[in-house]
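S.K.: First residue of the sequence shown: 3, per my numbering; consecutive thereafter. A virtual CB, placed ideally from N, CA and C, is assigned to each residue, including glycine. This structure is a prediction, so every number in the text was calculated from the model and none was measured. Next up is a structure, given as structure tokens.
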Amino acid sequence: MIRLPENPAVRASLYMVIAMASFVCNDSLVKLVGQSLPVGEIMMIRGGFAILIIGAICIHQGALASVPLLRHRAVLIRAGLDLFATVLFLTALMHMEIANLTAVTQSVPLAVALLSKLFLGENVGWRRVSAIVVGFIGVMLIVRPTPSTFTIYEVLAIGIVFAVAVRDLMTKRIPVRIPTFAVALANAVFVTTGGLMLSLAEGAVQPAPWQLGLLAMAAAFLSSGYMFMVATLRLGDLSATAPFRYTIVIFAIVSGMALFSEYPDALALAGMALIIASGLYAAHREAKLRRAAKLA
């Protein structure tokens with residue numbers, strides 16, 4: 003029997019690594035199935051399995067009693083943004099290297115800071131602004147906006163970053179009385195419904211049993227990643243676990259090489275390094291400012 007570390011900070015870091023590995027497993031399975039099934043159908047089938055899994059968790063936690071609260075405007079807007087981001091992500095995933103797309107999406111915290119400064123009037127100092135600039139230079143090294151390499155899918159990747167950033171800002175407006183997994187259930191219902199509508203437009207393809215199996219596994223990994231992320235946030239300081247968030251890039255590189263024969267080149271690796279370094283620095287600055295505010 004595996005014994006988990008007793009130290010909450012160590013356990014939170016472990017949970018973060020498990021969450022990141024789970025998300026990459028989900029993405030990898032979806033990319034495999036996406037070679038023969040359209041995006042809408044993948045969203046619908048995986049979403050159906052996710053509803054069953056998250057619904058069971060909600061029943062276990064008694065969160066279904068909060069379902070009427072899911073009509074809250076912030077919940078509905080967040081779910082709509084999640085649907086939009088999912089369509090963009092899965093479309094890009096089918097045409098981009100998994101490691102490159104994963105690395106680009108790790109710039110979301112930088113986009114959140116940027117949008118907070120531009121539209122919410124939050125104080126973002128020059129150091130964090132510098133980190134944002136460096137991070138987006140990293141994004142540019144990966145997507146390379148030149149006529150010979152820049153495609154619509156790189157545009158989608160950048161769109162994902164800002165869609166998820168707006169979604170995360172909207173999350174802060176959701177009342178704390180609404181359970182986390184009830185919000186996740188609303189997201190799953192929105193994404194599944196959106197997948198159904200998209201599949202009707204794309205034209206349905208009869209899925210093989212192995213495809214259904216892989217999508218069921220993908221839903222399980224997606225739900226697992228979400229659960230471990232929640233456990234991480236409850237156990238550990240975000241600044242302490244932030245470095246382990248970027249293990250997702252390592253897992254994505256390994257997955258790309260092992261499953262899809264994708265090998266990031268030097269420029270892409272340099273871009274990944276800049277995104278990770280800037281993200282870590284921004285998290286460090288935010289933690290430092292938070293501690294200073296508590297002491298004031």
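If you compare alpha carbons, which of 233, 166 and 144 is closest to residue 10?
M.R.: Of 233, 166 and 144, the residue nearest in Cα terms is 233.
S.K.: Where do the ends of the alpha helix (DSSP H) carrying residue 124 lie?
M.R.: That residue, residue 124, is in no alpha helix (DSSP H); it is neither H nor E in DSSP.
S.K.: Quick one: measure Cβ to Cβ for residue 243 and residue 15, integer angstroms, because I've assumed they're closer than 8 Å.
M.R.: That belief holds up - the Cβ atoms of residue 243 and residue 15 are roughly 5 Å apart, short of 8 Å.
S.K.: Taking the alpha-carbon positions, what's the residue 188 to residue 102 distance?
M.R.: For residue 188 and residue 102, the distance between alpha carbons rounds to 29 Å.
S.K.: To the nearest angstrom, how far is the alpha carbon of residue 152 from that of residue 254?
M.R.: Residue 152 and residue 254: Cα-Cα distance of roughly 21 Å.
S.K.: Looking at residue 144 and the ligand NAD, is the gap between the Cβ and the nearest heavy atom below 7 Å?
M.R.: The ligand NAD is not among the ligands present in this structure, which contains no ligands whatsoever.
S.K.: Which residue comes first and which comes last in the alpha helix (DSSP H) that contains residue 265?
M.R.: Per DSSP, residue 265 belongs to no alpha helix (DSSP H) and is neither H nor E.
S.K.: Please classify residue 148 as buried or exposed, where buried requires at least 16 other C-beta atoms within 10 Å of its C-beta.
M.R.: Residue 148 should be labelled exposed.
S.K.: Which of helix, strand or coil does DSSP assign to residue 9?
M.R.: Residue 9: coil per DSSP, three-state reduction.
S.K.: Quick check: what's the CA-CA separation for residue 283 versus residue 212?
M.R.: So the two alpha carbons sit approximately 43 Å from each other.
S.K.: Going by beta carbon distance, what residues of the same chain come within less than 7 Å of residue 219, once the five residues before and after it are set aside?
M.R.: Around residue 219: 31.
S.K.: Please identify the residue among 193, 29 and 186 whose C-alpha is closest to the C-alpha of residue 69.
M.R.: Of the candidates 193, 29 and 186, the one whose C-alpha sits nearest the C-alpha of residue 69 is 186.
S.K.: I need the DSSP call for residue 164, collapsed to helix, strand or coil.
M.R.: Residue state, collapsed to three classes: helix.
S.K.: Enumerated in chain order, which unbroken segments of the alpha helix (DSSP H) with a length of 4 residues or greater are wholly contained in the stretch 69-153?
M.R.: Those alpha helix (DSSP H) runs which fall completely within the stretch 69-153 and span 4+ residues are 75-95, 100-107, 110-121 and 128-145.
S.K.: Could you say which of 281, 115 and 292 lies nearest to residue 247 if we only look at CA atoms?
M.R.: Looking at the Cα atoms, 281 is the closest of the given residues.
S.K.: So the candidates are 98, 74 and 144; which of them puts its Cα closest to the Cα of residue 269?
M.R.: Nearest of 98, 74 and 144 to residue 269, Cα basis: 144.
S.K.: Based on Cα-Cα distance, which residue from 293, 257 and 279 lies nearest to residue 28?
M.R.: The option with the nearest alpha carbon to residue 28 is 257.
S.K.: To test your reading of the DSSP string, which unbroken alpha helix (DSSP H) runs of 4 or more residues are found completely within the stretch 14-61?
M.R.: The qualifying runs do not exist here; there are none.
S.K.: Look at the alpha carbon of residue 125 and the alpha carbon of residue 116, and state the distance between them as a whole number of angstroms.
M.R.: For residue 125 and residue 116, the distance between alpha carbons rounds to 10 Å.
S.K.: Take the Cβ of residue 163 as the centre, count every other Cβ of all protein chains shown within 10 Å, and call the residue buried at 16 or more, exposed below.
M.R.: Residue 163 should be labelled buried.
S.K.: Assign residue 281 to one of three DSSP states: helix, strand, or coil.
M.R.: Three-state result, residue 281: helix.
S.K.: Taking the C-alpha atoms as reference points, what is the distance between residue 73 and residue 274?
M.R.: Distance between the alpha carbons of residue 73 and residue 274: 39 Å.
S.K.: Between which two residues does the alpha helix (DSSP H) harbouring residue 216 extend?
M.R.: Note, residue 216: alpha helix (DSSP H), 211-237.
S.K.: What separation, rounded to the nearest whole angstrom, lies between the Cα atoms of residue 201 and residue 221?
M.R.: Their Cα atoms are separated by approximately 18 Å.
S.K.: Is the Cβ-Cβ distance between residue 44 and residue 36 less than 8 Å?
M.R.: Yes, they are a contact pair.
S.K.: So the alpha helix (DSSP H) residue 206 belongs to, where does it begin and stop?
M.R.: Residue 206 -> no alpha helix (DSSP H), and no H or E assigned at all.
S.K.: In three-state DSSP terms, what is residue 176?
M.R.: Here residue 176 sits in coil by DSSP.
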